[in-house]
Amino acid sequence: MPPKPWRVISSCLDKSYRIFRIRTDRAASPRTGESHEFYILESATWVNVIPLTPQNEVVLVQQYRHGIRDLTLEIPGGLTDHDPPLEAARRELREETGYQCHDLLCLGSVHPNPAILNNRCFTYLARDVYLAGGQDQDEREDIAVILKPLAEIPQLIREGAITNALVIAAFYHLFMQQGEGTRRKAED
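Note that this note's numbering has the sequence shown beginning at 251, numbered continuously upward.
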């Protein structure tokens, strides 16, 4: 028999920060009847963009991440800031890289960490991106733009050059879609 949802007894906002709020929930287990406290980070929806040039290169961003105190290699992305995810994806692409695109395709979404986060992260594919100007970074960003052939991405993940779980999930969505397209063509 599958587990059942827990009954929320109380929910209280503890503290609000710029990019998330901390909430404490008290919920009762349907199995034992006992109640427990849970701490949840409430956050806006996130977006990621896989930008591909006409030469099939991925426009990557390298930046310092304070959580791990190291540089990361990622794709452009960020919070939706009350915009629809599609518009936020377009904005993040332009601000972080200076690149633009005509069309964005939603590849899917994931829950970043449903144990403690309440949000989703949407991944978009931007095909035939082109450099439209300089970056428009905010005061908390220091981003370098790096182009890599799409064919090298699996190796960069295997070697640990790309470690952000949401970026890896984004490429999984892309590679699964490409594989499905290849299978459909073979079946036709």
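The beta carbon of each residue, even a glycine, is placed where N, CA and C say it ideally should be. Being a predicted model, the structure only gives us computed values, none of them experimental.
{"Asked": "Rounded distance between the beta-carbons of residue 346 and residue 385, thought under 8 Å", "Found": "6 Å"}
{"Asked": "Residue 326 and residue 354 closer than 8 Å at C-beta", "Found": "no"}
{"Asked": "Distance, residue 251 Cα to residue 322 Cα", "Found": "42 Å"}
{"Asked": "Among 258, 299, 270, nearest to residue 284 - alpha-carbon criterion", "Found": "258"}
{"Asked": "Three-state secondary structure assigned by DSSP to residue 390", "Found": "coil"}
{"Asked": "Simplified DSSP state of residue 382, which is helix, strand or coil", "Found": "coil"}
{"Asked": "Secondary structure, alpha helix (DSSP H): runs of 4+ residues fully inside the region 332–363", "Found": "335–347"}
{"Asked": "Rounded C-alpha distance that separates residue 400 from residue 298", "Found": "16 Å"}
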